[in-house]
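Residue numbers (my numbering), protein chains in the order written: chain X, 1 to 472; chain S, 1 to 101.
In what follows, a structure is listed as structure tokens, so that the remarks can point back to it.
Structural data, given as structure tokens:
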């Protein structure tokens, strides 16, 4: 049986008269009695060694900003709210869609179409009514980021795009806020605590914590050869990272690590905490593949870091007026080339030509990932995933071998040296690159064979030819 | 977990996008190899990997972050490190990468 204190015994248990250190930027002394509801609600975590009344009061007096109310933000917010963080801001401009629900556990089928922030706060209020929830139902951007972030003690990056990730890290450096950053795609997750304890920009007199740019100096290039099929995400993978993210945030707040390093009352040794990048991977291709966690020891603040290093020119005013340009820095890839018109055909024209018997003998290569292909394909299409095609092309270049090896095995009698090849992908970018690669390898047999891209990929096929096609 | 590399080799782990690019999660490469030669060795095997993956990834040796030598801005890295037999190297691209289309 658990002993519960009655109303009259609360003060004896919880008011020991100690001075609780200021929780940081949110001001005011935090020493007070816990209410009976707080005492009941948080008792199971308060009795854990290292938490206690002081730790709980630090949580109650903290302000946490969660940027992103999706696959990371939902599980993270549940535990932040559950633990009793006093003020919880949530930023997201999106609305709930049915395709979110397999991983975004703070939303519900009944709230599809609602702003994610409002939906998540509805869920959180169901868990804990004590925190103050602050909705920001728009996306964070260089103009509003500093104003929002300045109102909080700790920031959690639960976003899903590189430009925002650099923006949030930069603002956290400039405003001296600790940043708990997590990310997840497909079957991989990462988690790292950045800028904690927070240290003013440019300070390098001893080892300090890194910022996002110290770890990842630049984003993947715009022209990177990413296959269209590479998107997708597993619920438990992103969920695990969001939960771990909440765990780190709670730890920081309870330990008062979010107080900036310029505060000389803070003991020096806490600056020596080793920054660690947690990497989670999960194997699906091989049925017996194990999951793995790796904790990687990261380096500290970099002397020449663009954001926090010694000659940094980064300022809040600059960011607000467009310097640096985050969108450009992480610019979305634009196709490097567009094939000439005679090497392209629209989906409807291809369909028409097939129906009229104008291309009786041809090869149709579908370069989507096999998962996409598994939902459906054009009759006669052969799946050659783009990644595999590139790997094979590189191997042929390196080691020699017949260029035709890159083509799927087909009946010799069906294929002459002038049999045309049509290439289709998910949305029409990879297929153009595939056409280029095949020509480069000489698969066009010196021009005797046409290699043609189907414009706009299977998306165009769905739009122009077969509205019922199961395109993902 | 990852099996031990054969004699005279080290293991290299390819995370996330690095795994998509190489179509493998792990492989054994001949050791010793100076860290400064790592990217060139991989580029030889996987044409285009340096620009699209390696230059924006972080690298660890035996779970410790290493500063890659020969950065474009002339900064020095861990030039003296030589990857030894039995070491575990990891290529860790940033997440998320945005899907293009």
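Beta carbons: idealized from backbone N, C-alpha and C, even for Gly.
query	result
Within the same chain, show all residues whose beta-carbon is closer than 7 Å to that of residue 121 of chain X, passing over the 5 residues directly before and after it, in chain order.	90, 133 and 135
Enumerated in chain order, which unbroken segments of the alpha helix (DSSP H) with a length of 4 residues or greater are wholly contained in the segment 391-464 of chain X?	430-440 and 457-464
Measuring straight from C-alpha to C-alpha, what distance separates residue 57 of chain X and residue 255 of chain X?	11 Å
Starting from the Cα of residue 252 of chain X, find the closest Cα among X:139, X:59 and X:400 and give me that residue.	X:59
Got a sec: is the Cβ-Cβ distance from residue 160 of chain X to anything in chain B below 7 Å?	In the structure shown, chain B does not exist; the protein chains are X and S.
Could you pull the DSSP bridge partners for residue 67 of chain X from this structure?	X:91 and X:157
If I follow the unbroken alpha helix (DSSP H) through residue 373 of chain X, where does it start and stop?	370-373
How close, in whole Å, do the beta carbons of residue 114 of chain X and residue 96 of chain X come, if the pair is a contact with beta carbons under 8 Å?	5 Å
What is the DSSP secondary structure of residue 468 of chain X, reduced to helix, strand or coil?	coil
Beta-carbon within less than 6 Å of residue 359 of chain X's beta-carbon, same chain only, minus the 5 sequence neighbours each way: which residues are those?	353
Using the beta-carbon of each residue, which ones in chain X are nearer than 7 Å to residue 60 of chain S?	296
With a 10 Å radius around its C-beta and 16 neighbouring C-beta atoms as the bar for buried, classify residue 190 of chain X as buried or exposed.	buried
Mind checking which residues open and close the beta strand (DSSP E) that includes residue 202 of chain X?	Here residue 202 of chain X belongs to no beta strand (DSSP E), and DSSP marks it neither H nor E.
Evaluate residue 181 of chain X with the Cβ neighbour count: other Cβ atoms within 10 Å of its Cβ, from every protein chain shown; 16 or more gives buried, anything less gives exposed.	buried
Give the DSSP-derived three-state secondary structure of residue 312 of chain X in the structure shown.	coil
May I ask you to list the residues that DSSP assigns as paired with residue 14 of chain S?	S:91
Can a CB atom of chain S be found closer than 7 Å to the CB of residue 220 of chain X?	yes
Please list, in chain order, the chain X residues whose beta carbon lies closer than 8 Å to that of residue 15 of chain S.	188, 279 and 281
Against residue 215 of chain X, what residues of chain S qualify as contacts under a CB-to-CB distance less than 7 Å, listed in chain order?	58
Going straight from the alpha carbon of residue 11 of chain S to that of residue 69 of chain S, what length do you get?	20 Å
Does the distance from the C-beta atom of residue 74 of chain X to that of residue 126 of chain X stay below 7 Å?	no
Throw me the rounded Cβ distance for the residue 455 of chain X and residue 346 of chain X pair, which I believe falls under 8 Å.	5 Å
Establish whether the CB of residue 23 of chain S and some CB of chain X are separated by less than 7 Å.	yes
Per DSSP, what kind of secondary structure is residue 243 of chain X in: helix, strand or coil?	helix
Which chain X residues are close to residue 64 of chain S, counting only those with a beta carbon under 8 Å from its beta carbon?	296 and 297
If you drop the 5 nearest sequence neighbours on each side, which residues of the same chain put their C-beta closer than 7 Å to that of residue 450 of chain X?	420
Report all residues from its chain with a CB closer than 7 Å to the CB of residue 459 of chain X; omit the five preceding and five following residues, and keep chain order.	426, 427 and 471
Under 9 Å between beta-carbons, which chain X residues line up against residue 67 of chain S? List them in chain order, please.	299 and 302
Just mark residue 199 of chain X as buried or exposed, buried being the case when its beta carbon has 16 or more other beta carbons within 10 Å.	buried
Using the rule of at least 16 other Cβ atoms within 10 Å of the residue's Cβ for burial, across every protein chain shown, is residue 384 of chain X buried or exposed?	buried
Have a look at residue 118 of chain X and residue 161 of chain X and give me their C-alpha separation to the nearest angstrom.	21 Å
Is the shortest distance between the beta-carbon of residue 77 of chain X and the beta-carbons of chain S less than 7 Å?	no
Are the segment 387-401 of chain X and the segment 39-49 of chain S touching, with three or more C-beta to C-beta distances below 8 Å?	yes
Within 10 Å of its beta-carbon, does residue 356 of chain X have 16 or more other beta-carbons around it, so buried, or fewer, so exposed?	exposed
Using 8 Å as the cut-off, can you tell me whether the segment 84-95 of chain S makes contact with the segment 29-44 of chain S, which would need three or more C-beta pairs spanning the two stretches below that distance?	yes
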